[in-house]
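Numbering-wise (this note's numbering), the first sequence opens with residue 13 and increments by one. Below is one structure, written out as C-alpha cells, with a few remarks after it.
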Amino acid sequence: MPAHLTVTASGSEHQVEDGTTAGALLAGQHPEDRDIVVARVNGELRDLDHVLADGDEVEPVRVGDPDGLSVLRHSAAHVLAQAVQQHFPEAKLGIGPPVRDGFYYDFDVERPFTPEDLKTLEKTMQRIVKEGQGFRRRAVSDDEAREELAGEPYKLELIGLKGSGAADAAEGASVEVGAGELTIYDNLRRDGSVAWKDLCRGPHVPTTRLLGNGFALTRSAAAYWRGSEKNPQLQRLYGTAWPSKDELKAYQERLAEAERRDHRRLGSELDLFSFPDEIGSGLAVFHPRGGVIRKAMEDYSRERHERGGYEFVYSPHITKGNLFQVSGHLDWYREGMFPAMHLDAELGADGEVRKPGQDYYLKPMNCPMHNLIFRSRGRSYRELPLRLFEFGTVYRYEKSGVVHGLTRVRGMTQDDAHIYCTREQMHAELTGVLEFVLGLLRDYGLQDFYLELSTKDPEKYVGSDEVWEEATRTLEEVAAASGLELVPDPGGAAFYGPKISVQARDAIGRTWQMSTIQLDFNLPERFDLEYTAPDGTKQRPVMIHRALFGSIERFFGVLTEHYAGVFPPWLAPVQVVGIPVSDAHVEHLQQVAAKLREHRIRVEVDASDDRMPKKIRTWTKQKVPFLLIAGEEDVANGAVSFRFRDGSQDNGIGVDEAVRRIVEAVETHAQV
RNA sequence: GCCGGCAUGGCGCAAUUGGUAGCGCACCCGACUUGUAAUCGGGCGGUUCGGGGUUCGAGUCCCCGUGCCGGCUCCA
Numbered sequence: 013m014p015a016h017l018t019v020t021a022s023g024s025e026h027q028v029e030d031g032t033t034a035g036a037l038l039a040g041q042h043p044e045d046r047d048i049v050v051a052r053v054n055g056e057l058r059d060l061d062h063v064l065a066d067g068d069e070v071e072p073v074r075v076g077d078p079d080g081l082s083v084l085r086h087s088a089a090h091v092l093a094q095a096v097q098q099h100f101p102e103a104k105l106g107i108g109p110p111v112r113d114g115f116y117y118d119f120d121v122e123r124p125f126t127p128e129d130l131k132t133l134e135k136t137m138q139r140i141v142k143e144g145q146g147f148r149r150r151a152v153s154d155d156e157a158r159e160e161l162a163g164e165p166y167k168l169e170l171i172g173l174k175g176s177g178a179a180d181a182a183e184g185a186s187v188e189v190g191a192g193e194l195t196i197y198d199n200l201r202r203d204g205s206v207a208w209k210d211l212c213r214g215p216h217v218p219t220t221r222l223l224g225n226g227f228a229l230t231r232s233a234a235a236y237w238r239g240s241e242k243n244p245q246l247q248r249l250y251g252t253a254w255p256s257k258d259e260l261k262a263y264q265e266r267l268a269e270a271e272r273r274d275h276r277r278l279g280s281e282l283d284l285f286s287f288p289d290e291i292g293s294g295l296a297v298f299h300p301r302g303g304v305i306r307k308a309m310e311d312y313s314r315e316r317h318e319r320g321g322y323e324f325v326y327s328p329h330i331t332k333g334n335l336f337q338v339s340g341h342l343d344w345y346r347e348g349m350f351p352a353m354h355l356d357a358e359l360g361a362d363g364e365v366r367k368p369g370q371d372y373y374l375k376p377m378n379c380p381m382h383n384l385i386f387r388s389r390g391r392s393y394r395e396l397p398l399r400l401f402e403f404g405t406v407y408r409y410e411k412s413g414v415v416h417g418l419t420r421v422r423g424m425t426q427d428d429a430h431i432y433c434t435r436e437q438m439h440a441e442l443t444g445v446l447e448f449v450l451g452l453l454r455d456y457g458l459q460d461f462y463l464e465l466s467t468k469d470p471e472k473y474v475g476s477d478e479v480w481e482e483a484t485r486t487l488e489e490v491a492a493a494s495g496l497e498l499v500p501d502p503g504g505a506a507f508y509g510p511k512i513s514v515q516a517r518d519a520i521g522r523t524w525q526m527s528t529i530q531l532d533f534n535l536p537e538r539f540d541l542e543y544t545a546p547d548g549t550k551q552r553p554v555m556i557h558r559a560l561f562g563s564i565e566r567f568f569g570v571l572t573e574h575y576a577g578v579f580p581p582w583l584a585p586v587q588v589v590g591i592p593v594s595d596a597h598v599e600h601l602q603q604v605a606a607k608l609r610e611h612r613i614r615v616e617v618d619a620s621d622d623r624m625p626k627k628i629r630t631w632t633k634q635k636v637p638f639l640l641i642a643g644e645e646d647v648a649n650g651a652v653s654f655r656f657r658d659g660s661q662d663n664g665i666g667v668d669e670a671v672r673r674i675v676e677a678v679e680t681h682a683q684v
C-alpha cells in the first residue's frame with residue numbers, strides 16, 4: 013500500500029498521504045471556504061470524512077449548490093427525526109428525504125402532531141443544531157442493520173426491498189437504502205456518544221451546526237406509507253432549510269408573495285368569482301367583474317380560432333351512457349364521472365320492469381360529441397384537416413380532497429378542439445397546432461415555456477403498440493422542432509394516446525400545466541370514423557385533441573396569479589375610472605367617458621361623495637389601470653391627468669390624446 | 001377517498017374557566033366641496049355553517065352532515 017496517493021482535486025493532481033479525507037484535501041485547497049459541505053468523489057457525493065483512495069477525483073460541493081442544499085435538507089430531516097423520537101419515543105421512522113425548498117420525515121405515531129408539537133420540536137431541533145452533533149457514516153451488513161433497527165418496522169421493510177429497486181419502493185426511499193451496501197448514520201455528541209442513529213445512504217453535512225438558524229418546520233400532514241393509498245398513513249412533518257437565516261427569510265417572503273397573489277384571495281378581493289356552498293364543491297360562479305375578464309379572454313380566443321381555420325360547434329352537457337361506453341370513458345374513468353341519472357324506466361303495477369330505462373351521464377369530455385359531428389355525414393379528404401372548436405363545459409367528479417380554487421374544479425369549460433386529419437397531414441398539423449398554442453399563450457402574457465412528453469402507461473392504454481410508437485415518435489419530432497426544452501413524462505399519457513403538454517412559468521417562477529396536445533388513433537377506430545380518399549377508398553382519419561387554456565377556469569386562475577391581479581388593460585375588468593377633484597368636474601369626465609365608450613372601453617366615473625384621495629385609494633386597490641383625474645385646470649384645458657397603478661402620473665393630457673393612448677394600450681394588449 | 005385543522009354580519013377579525021355576541025372595512029343617511037392611497041357624524045346588518053346531543057345555561061363541550069384550508073392518493 014503506497015504511503016502517498018495521487019488524487020485529482022478540482023482538476024489538478026495532488027500527492028496526499030494515505031488516510032487523507034476528502035474534507036482535509038478540500039480544506040487545504042479552499043482554506044477560506046466554509047461553505048463546502050460534502051465532496052463529489054469520482055462523481056458520487058461523499059461525506060467530508062470520506063477517506064480517499066488512489067486516483068480519486070474530488071470536487072467540492074458547496075451548501076448553496078443544488079446538491080449541497082439537498083444534503084443540508086436531508087441532514088435537517090435527521091435532526092427533526094431525532095427531535096421527534098426524543099419527545100415521542102414510540103414514534104416509528106418512515107422516510108425522510110429532501111424535497112424542493114426543504115425536507116420531510118414520516119412517522120408512525122399514536123396521535124397526529126399538533127401545531128404546538130411543531131413549536132416544541134423546532135426548539136428541540138435548535139438545541140440539537142447548537143450542540144454541534146457530527147454525522148458519522150457506518151457500513152453495516154443486512155443482518156447487522158436488521159438487528160440494530162429491530163424496533164423500526166418500516167426501516168426493516170426498506171432493507172427487505174433493497175435491490176428490488178428501491179426507487180420504485182417509495183418516493184424518497186432511495187435516500188435511505190441505495191443499491192449497494194447498507195449504511196447507518198450515527199449522530200455523535202461532542203463527547204463521542206451516540207445521540208441518535210438512522211438507516212441512511214447519506215451523505216450528510218459534517219455537523220448539525222451548519223443548519224444554523226436557517227430552518228423551520230412548516231406543516232404536518234398525513235401521507236401514505238410508500239405512497240400507496242392501500243398502505244397505512246403516517247404523519248408527515250414538513251420543514252424548510254437554507255444555508256442562512258437571510259435565505260430562510262427570503263423563502264418565507266416568497267411564500268408570502270405567493271399568498272398575496274393567490275387567485276382565491278384576489279378573486280374575492282376584486283369581486284371576480286365565488287364558490288357558493290349552496291351550489292356545491294368545485295363549482296364556481298363568475299361575478300360581473302370576473303365575467304368581463306373571462307369574456308375578454310374568450311372573445312380573443314374565438315377571434316384567433318376563427319383566423320386559424322377552426323369551425324365552431326356546440327354540444328350538450330349530458331348524454332346517454334352508450335356514448336361513453338363506445339369512447340371507453342366508462343371503462344377507464346367511471347370513478348371520475350358523476351354517477352348516472354337513470355331515466356325513463358317504467359314499472360308495472362306489481363313492480364316488474366316494463367321498460368328498462370337508460371343511464372344518462374354528465375359529459376367529462378367533449379371528444380365523443382365531436383366525433384358524432386364528424387360522423388354525421390360522409391366526409392371527403394378535401395375537408396381535412398377538419399378543426400372543430402368548442403368552449404365545452406364538462407363535469408368531473410373530483411375526489412373531495414383535491415378540489416382547489418379554480419385550478420381543480422368539478423365543472424369547467426375547456427377551450428377544446430378536435431382536429432381530424434390524414435396520417436400524412438398529422439405532422440404538419442401538429443406543428444401548426446403547437447405554434448398556434450404558444451402564440452396564443454404569449455398573447456395572454458405568458459412568455460416562458462417548456463414541453464412535456466407524456467408516453468404510454470403500460471397499465472392503462474388501448475390500441476396497438478405500433479400505433480402508440482408512431483404517435484409518440486411524431487409528437488417527439490414536433491416537440492423537438494419547436495426548440496423548446498422537452499421533459500419526458502413516462503406513463504403520463506391518457507389511455508387513448510400520447511400527449512405533449514405546454515408548461516408555462518409565471519411571473520414568480522412557478523410552473524403550470526397549460527395546453528395539452530394529444531394524438532389519438534384509437535377513438536377514430538372506436539367510433540368507426542372515416543373519410544373518402546382521392547382514390548375512392550374509405551380511410552380512417554387521425555384525431556388530435558387539443559385544449560389550450562386547459563380549462564378556462566384554471567387559466568383564469570393562473571393569469572390572476574401571474575399578474576397578481578394587476579391585469580393588463582385589455583383584461584382589466586374596469587379599464588378606466590374618472591375621478592373629479594370636486595363635483596364641478598364630473599360633467600367633464602362624463603364627456604371623456606362617453607368618448608371612451610365609443611371605443612368599447614370599460615369606464616366609470618366616480619361621482620360619489622367620497623373625497624378625491626379616498627377615490628384614488630379605492631380604485632388603486634381595485635387595480636384599475638387608468639385613473640383619469642380632472643380639476644379646474646384640466647377642465648379649462650380640455651385635458652385629463654393620468655394616474656397609474658404604481659402611483660406615477662402624467663398630467664394635463666388633451667382628451668383626444670388620452671383616449672388614443674388608452675385605446676392603443678387595450679388594442680395592443682400592452683401592460684401599463 | 002384518507003389524515004389533520006378550520007367555519008362568528010358582504011369582507012377581515014374579537015369574545016376569560018361554558019354566563020347579555022363586539023370591532024374595523026364595506027353598505028345606507030347627513031354634513032363638508034376639497035389636485036394624487038382613508039373628512040366627520042349617524043344608521044342598517046348576525047338563528048355564531050346545518051342538524052342532533054350534554055348542561056340551569058353552548059359561539060365555546062360531544063356526535064353527524066356540508067363547505068373551506070394544508071398535505072397524501074388521484075388529475076382523461
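Think of the CB as a built atom: it goes at the ideal place given N, C-alpha and C, for glycine as much as any other residue.
Selection ASN199, ALA648, PHE579, LEU639 evaluated against ARG306 yields PHE579 as nearest (Cα-Cα). The alpha carbon of GLY302 has as its nearest neighbour, out of ALA619, LEU17, PRO585, THR528, the alpha carbon of PRO585. By a beta-carbon distance limit of 8 Å, ARG655 contacts ILE628. Their separation comes to about 7 Å. Taking the C-beta atoms as reference points, VAL338 is found nearer than 7 Å to ARG538. Counted as a single uninterrupted DSSP element, the beta strand (DSSP E) harbouring LEU498 occupies residues 498-501. Here DSSP, grouped into helix, strand and coil, assigns LYS142 to helix. Of the candidates GLY67, ASN534, VAL678, GLU169, the residue whose Cα lies closest to the Cα of VAL53 is GLY67. For PRO592, the enclosing beta strand (DSSP E) covers residues 588-592. Of the candidates GLY163, ALA235, VAL75, the residue whose Cα lies closest to the Cα of GLN247 is ALA235.
Rounded to the nearest angstrom, the gap between the Cα atoms of SER153 and GLY192 is 11 Å.
The DSSP-derived three-state label of SER232 is strand. In this structure, the beta-carbon distance from THR467 to THR443 does not fall below 7 Å. Between the region 463-479 and the region 413-425, the count of Cβ pairs shorter than 8 Å is below three; the stretches do not touch. A residue is called buried when at least 16 other Cβ atoms come within 10 angstroms of its Cβ; VAL297 does not meet this threshold and is exposed. If you draw a 10 Å sphere on the C-beta of MET353, you find fewer than 16 other C-beta atoms in it, and that means exposed. With respect to LEU446, VAL499 sits apart: the two C-beta atoms are not nearer than 7 Å. Under the three-state reduction of DSSP, ASP120 is assigned to strand. Excluding five sequence positions before and after TYR393, the CB atoms of its chain that fall closer than 7 Å to its own CB belong to THR434, TYR543, THR544, ALA545, PRO546, given in chain order. By alpha-carbon distance to LEU374, the top candidate from TYR575, LEU487, PRO351 is PRO351. Pairing PRO109 with THR136, the inter-Cα distance amounts to about 20 Å. Proximity to VAL121 across ARG139, LEU130, PRO101, PRO127 peaks at PRO101, based on C-alpha coordinates. Within the same chain, Cβ atoms closer than 6 Å to the Cβ of SER513 are found at GLU464, GLN525, THR528, the five residues on either side in sequence being excluded. Rounded to whole angstroms, the Cβ separation of PHE507 and TYR432 is 20 Å, and the two are not in contact under 8 Å. Residue PHE533 holds the alpha-carbon nearest to the alpha-carbon of TRP480 among PRO288, PHE533, THR632. Scanning its chain for C-beta atoms nearer than 8 Å, with the 5 sequence neighbours on each side dropped, one finds around TYR322 the residues ARG399, LEU400, PHE401, ALA429, in chain order. In its chain, beyond the 5 residues on either side, HIS216, VAL217 have a beta carbon closer than 6 Å to the beta carbon of SER87. Beta-bridge partners assigned by DSSP to TYR373: THR331.
Taking C-beta separations shorter than 7 Å and ignoring five residues to either side along the sequence, the partners of ALA492 in its chain run LEU498, following chain order. Straight-line measurement puts the Cα of ALA516 at about 42 Å from the Cα of GLN603. With a cutoff of 7 Å on beta-carbon distance, ASN378 and GLY348 are scored as not near each other.
Burial is judged here by how many other beta carbons sit within 10 angstroms of a residue's own beta carbon; PRO510 has at least 16 and is buried. Beta-bridge partners assigned by DSSP to VAL554: CYS433. Residue pairing of ASN663 in beta bridges, as defined by DSSP: absent, with no partner found. In the three-state DSSP reduction, VAL53 falls in the strand class (E or B). Assignment of ALA642 by DSSP, reduced to helix, strand and coil, places it in the strand class. By the Cβ-count criterion, ASN334 is exposed, with fewer than 16 other Cβ atoms from all chains shown falling within 10 Å of its own Cβ.
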